[in-house]
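Below is one structure, written out as structure tokens; comments come after it.
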Amino acid sequence: MDAAMLTALGALLASPVAAAAAIYGSRGATRASREGTVLTGYDSLTARLIAERDKAEADQAAAEARETALRAQLESREAALKAEIARLRLLVTSLGGTP
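For the sequence shown, position 5 matches number 43 in the working numbering, and the numbering has no gaps at all.
Below is the structure:
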């Protein structure tokens, strides 16, 4: 066996090993890419859920503020009506009627 024959045999034996390594490496890269996509998708979903929760909390706080304002307005209106009723009763009594 001369050097050319050994080189040819080495090339023939090395090429299937190189092909197997390339296939295995490609599988690993594909799996890593897929796992990276899953993690990116999970992070994106988490970020969207956090944003949605924050918006819901802000909407709830705004609704509670509106409710408080409406309650204050209602109580003010109720106090004004009670004062009007008292004034009218006093007027009826001063005119000789019974309230």
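The beta-carbon is built from N, C-alpha and C at its ideal position, and this holds for glycine as well.
Length of the line joining the Cα atoms of alanine 107 and alanine 101: Here residue 107 corresponds to residue number 69 of the sequence shown, with the count starting at 1. Here residue 101 corresponds to residue number 63 of the sequence shown, with the count starting at 1. One C-alpha to the other measures close to 10 Å.
Three-state secondary structure assigned by DSSP to leucine 133: For the purposes of this step, residue 133 is taken as the residue at position 95 of the sequence shown. Here leucine 133 sits in coil by DSSP.
Beta strand (DSSP E) runs wholly inside the region 100-124, at least 3 long, in chain order: You should have found no qualifying run.
For serine 82 and alanine 110, the rounded distance between their alpha carbons: Within the sequence shown, numbered from 1, the residue matching residue 110 stands at position 72. Within the sequence shown, numbered from 1, the residue matching residue 82 stands at position 44. So the two alpha carbons sit approximately 42 Å from each other.
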